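Engineer: Final position of the sequence shown in our numbering is 99; the numbers increase by one with none missing.
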Amino acid sequence: MNSHKLLIELTLVPEGRHIAFSKEMLEKVHVYRRQGAAGDDWQQVATNARSPFVDTEEFPTGTTLEYQVQHFTQQDTYEGHSNIVRTTLN
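(1) What three-state label does DSSP hand H80 in the structure shown?
(2) Please report the straight-line C-alpha distance between Q52 and T65, rounded to a whole angstrom.
(3) Quickly, what does DSSP pair F62 with across the bridge? List them, please.
(4) Count the other CB atoms, across all protein chains shown, that sit within 10 Å of the CB of Q77; report buried if there are 16 or more and exposed otherwise.
(5) Counting only the same chain and skipping the five closest in sequence on each side, list residues whose C-beta sits under 6 angstroms from that of V63.
(6) To the nearest angstrom, how far is it from the Cα of T97 to the Cα of V22?
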């Protein structure tokens, strides 16, 4: 496991949801999103993403979205996942 913190930050921007995360040089990072509360299935929305990733998909007002990124080595070995960030759209 890498020593860097697997933290992400969510910022609302005019284009959508701006997800910023740290990534090691040779690491792969996949972005996952789920709608609603914990317990819903995670959907992979970006593969080997660069930071920042902007999710531009439209959702109705009042929708709660959660995001998490998962870190993998070049050989696709799972290294860990970030914190979960959440927003409710206005």
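Positions of the beta carbon are idealized from the N, C-alpha and C atoms, including for glycine.
Please read these numbers as outputs of a predicted model, since none were measured by experiment.
Structural biologist: Judging by the given coordinates:
(1) Collapsing the DSSP output to three states places H80 in a strand.
(2) One C-alpha to the other measures close to 15 angstroms.
(3) Paired residues: I28.
(4) If you draw a 10 Å sphere on the C-beta of Q77, you find 16 or more other C-beta atoms in it, and that means buried.
(5) Sequence-distant partners of V63 (beyond 5 residues in either direction) whose C-beta falls short of 6 angstroms from its own C-beta, in its chain, are E24, G25 and H27.
(6) Whole-angstrom Cα-Cα distance: 13 angstroms.
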